[in-house]
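The number in our numbering is simply the position in the sequence shown, starting from 1, with 60 added.
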Amino acid sequence: MRLADRRERLMGEGAFDVLAKVKELEAQGKNIISFAIGEPDFDTPAHIKEAAMEALRRGETHYSPSAGIKQLRESVARYIEKSRGVPVRPEEVVVCPGAKPALFCGVFCCVNEGDEVIYPSPCFPAYESLVRYVGAVPVPLPLKEERAFSFDPRELEALITPKTKMIIINTPQNPTGGVLPSSDLDLIAELAVKHDLWVLADEIYCAIIFDAAFDSILSRPGMKERTILVDGFSKTYAMTGWRLGYAVVREELVAHFSKLLTNSVSCTATFTQWAGIAALEGPQDCVEEMVASYKRRRDMLVDGLNEIPGFKCLKPQGAFYAFANVTGACRSLGLKGAEELQDYLLNEAGVAVLARTCFGNRVPGETEEYVRFCFATSESAIKEGLSRIKKAVS
Ligand code: PLP
61 MRLADRRERL MGEGAFDVLA KVKELEAQGK NIISFAIGEP DFDTPAHIKE AAMEALRRGE
121 THYSPSAGIK QLRESVARYI EKSRGVPVRP EEVVVCPGAK PALFCGVFCC VNEGDEVIYP
181 SPCFPAYESL VRYVGAVPVP LPLKEERAFS FDPRELEALI TPKTKMIIIN TPQNPTGGVL
241 PSSDLDLIAE LAVKHDLWVL ADEIYCAIIF DAAFDSILSR PGMKERTILV DGFSKTYAMT
301 GWRLGYAVVR EELVAHFSKL LTNSVSCTAT FTQWAGIAAL EGPQDCVEEM VASYKRRRDM
361 LVDGLNEIPG FKCLKPQGAF YAFANVTGAC RSLGLKGAEE LQDYLLNEAG VAVLARTCFG
421 NRVPGETEEY VRFCFATSES AIKEGLSRIK KAVS
């Protein structure tokens with residue numbers, strides 16, 4: 061086969077390998093409790109589904125402009141203005157089929173070959189993959205457990221070079237559940253302005269936050285023109301399968317993002333966009349109920365994990381992930397690291413979790429072992445999962 065070299069630069073996602081293993085074990089008749097997949101277990105709220113069906117009945121079944129229908133761009137602008145406290149115009153919104161294409165647009169349109177891009181480690185694996193794909197250099201910024209999984213500001217400053225073009229941030233964060241403190245957002249903004257950098261702010265979990273109000277880098281002075289804000293409907297409204305997200309960027313960037321969408325997907329499914337309007341403009345108690353439920357499950361999971369010998373888990377402040385330190389459990393079981401623990405728990409306990417390496421390579425100097433639990437699953441599954449893990453490691 062005569063293939064293109066650049067395809068080698070795209071990375072896979074370890075999570076999908078684990079999912080394949082889970083399916084294989086289930087096909088053999090094994091019962092698996094899965095904390096692996098990162099998506100809400102709730103169904104999409106009924107009024108959102110109804111809006112999509114109504115749009116279909118009305119014949120909203122054709123292409124839309126690449127940047128999205130005007131009405132959704134208006135709704136998103138209103139939502140971002142209200143939730144981030146920054147004026148946003150519909151012309152600054154680009155609708156995409158999911159948040160992932162918005163990340164792709166940001167990296168593709170703003171980063172050159174040879175540029176350096178600073179990104180958190182561990183993180184959602186697409187960041188490093190996209191940076192490598194465009195021939196840029198990914199520069200990991202370690203997140204620290206002792207700082208509730210934010211970074212050391214001195215380390216960020218030290219990583220900036222004349223080649224740095226972009227900083228990627230994600231708050232609340234996947235996989236740690238960490239939320240960047242306001243003071244860190246201030247510093248990132250200061251550095252971005254000083255060094256003329258883009259900030260790609262992945263805020264897909266902004267609505268799933270437990271003990272604090274959400275704070276966005278967009279509200280910092282000078283950040284409106286250099287932020288690529290990415291958000292969407294997958295997590296907030298339990299709409300992962302709908303494929304609906306967006307970027308909010310300065311108006312001059314919109315034409316570039318749109319051209320990329322025109323050349324790849326043409327547009328986002330039109331009736332899905334009408335469902336998005338219903339989500340943003342409709343009642344929000346469905347979101348409040350889901351978040352309250354995630355919070356109960358978080359407490360149950362984290363309290364339970366901290367009772368298991370060799371497991372140590374901080375209470376995540378947002379998203380639906382807990383990132384447990386399992387260094388002690390690996391040691392007492394004689395395992396080399398979290399990857400072996402991931403296999404051990406799957407094969408011996410029938411519990412699926414994801415090792416730290418599903419979220420990027422370890423950074424030099426990293427000594428601890430971690431696995432990610434997604435707690436967007438039922439309380440009975442959490443209870444059973446905890447009891448299985450306890451038995452398997454005791
Ligand atoms: N960003 C982060 C941090 C995520 O965890 C995910 C999905 O897991 C995405 C983006 C992708 O969202 P979407 O499904 O809307 O493309």
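C-beta: ideal position from N, C-alpha, C; glycine also.
Predicted model only: the values in this text are computed from it and were never measured.
Return yes when the C-beta of D262 is under 6 Å from any heavy atom of the ligand PLP, and no when it is not. True, at least one ligand heavy atom lies under 6 Å from that Cβ.
Whole-angstrom distance between A415 and T453, CA atom to CA atom: Thr is not the amino acid found at residue 453; the sequence shown has Val there. Separation of V453 and A415 (C-alpha to C-alpha, rounded to the nearest whole angstrom) is 16 Å.
Give a single yes or no on whether S294 has its beta carbon closer than 6 Å to a heavy atom of the ligand PLP. It does: the Cβ of S294 is within 6 Å (strictly closer) of some heavy atom of the ligand PLP.
Identify which residue in P281, T300, A384 has its Cα closest to the Cα of A252. For the options P281, T300, A384, the alpha carbon positioned closest to that of A252 is the one of P281.
Any heavy atom of the ligand PLP inside 6 Å of the beta-carbon of I184? The amino acid at residue 184 is misidentified as Ile; the sequence shows Phe. At least one heavy atom of the ligand PLP is nearer than 6 Å to the Cβ of F184, so yes.
Beta-carbon spacing of S181, V423 below 7 Å: Cβ distance < 7 Å, so S181 and V423 count as in contact.
Limits of the alpha helix (DSSP H) - the one that I268 falls within: Here I268 belongs to no alpha helix (DSSP H), and DSSP marks it neither H nor E.
Counting only runs of 3+ residues fully inside the region 161-227, write out the beta strand (DSSP E) ranges in chain order. Taken in chain order, the unbroken stretches of beta strand (DSSP E) that lie wholly in the region 161-227 and span 3 residues or more are 176-181, 197-204.
Going by other Cβ atoms of all chains shown within 10 Å of its Cβ, with 16 needed for buried, is F371 buried or exposed? It counts as buried.
D262 - DSSP class collapsed to helix/strand/coil: Looking at D262 - three-state DSSP - the assignment turns out to be strand.
Checking the sheet assignment: what are the DSSP bridge partners for L414? Per DSSP, the beta-bridge partners of L414 are R432.
What residue range is occupied by the uninterrupted alpha helix (DSSP H) comprising G74? G74 -> alpha helix (DSSP H) spans 74-87.
Length at least 3, wholly inside the region 376-421: the beta strand (DSSP E) runs in chain order: Positions of the beta strand (DSSP E) runs, each at least 3 residues long and wholly inside the region 376-421, are given as 381-385 in order along the chain.
Y297 versus R149: straight-line alpha-carbon distance, rounded: Going by the C-alpha atoms only, they are around 23 Å apart.
Could you give the distance in angstroms between the alpha-carbon of E173 and the alpha-carbon of V167? Taking the straight line joining both Cα atoms gives about 11 Å.
Does DSSP classify T332 as helix, strand or coil? The answer is helix: DSSP assigns T332 an H, G or I state.
Limits of the alpha helix (DSSP H) - the one that V325 falls within: Under the DSSP assignment, V325 falls outside any alpha helix (DSSP H); it carries neither an H nor an E label.
Quick one, which of F293, V308, I449, A261 has its alpha-carbon nearest G364's? Per the Cα distances, I449.
Please state whether the Cβ-Cβ distance between I268 and G195 is less than 7 Å. No.
In this structure, what does DSSP give as the bridge partners for N234? Under DSSP, N234 forms no beta bridge with any residue.
If the criterion is Cβ atoms closer than 7 Å, does the pair A398 and Y430 meet it? Contact annotation: A398 and Y430 have beta-carbon atoms nearer than 7 Å.
Report the three-state DSSP secondary structure of G364 (helix, strand or coil). In this structure, G364 counts as helix in the three-state DSSP scheme.
Check the C-beta distance from L257 over to K225 and give it rounded, since I have them as a contact under 8 Å. Separation of the CB atoms of L257 and K225 is rounded to 7 Å, and the pair is thereby assigned contact status at 8 Å.
Hey, would you say the C-beta of G81 is under 6 Å away from at least one heavy atom of the ligand PLP? A quick correction: the sequence has Lys, not Gly, at residue 81. No, since every heavy atom of the ligand PLP falls outside the 6 Å radius drawn around the Cβ of K81.
Tell me the residue span of the beta strand (DSSP E) that contains Y139. DSSP places Y139 in no beta strand (DSSP E) but in the uninterrupted alpha helix (DSSP H) bounded by 130-144.
Taking 7 Å as the cut-off, decide whether the C-beta atoms of L247 and P213 are in contact. Yes. Within cutoff.
Among the residues of its own chain, which have a CB less than 6 Å from the CB of Q455, if the five just before and after it don't count? Given a span of 61 to 454 for the chain in the structure shown, any question on residue 455 remains unanswerable.
Under the three-state reduction of DSSP, which class applies to S243: helix, strand or coil? Helix at S243.
Taking only heavy atoms of the ligand PLP into account, decide whether any of them is closer than 6 Å to the Cβ of G159. Here residue 159 is Ala; the residue named in the question, Gly, does not match the sequence. Closer than 6 Å to some heavy atom of the ligand PLP: that describes the Cβ of A159.
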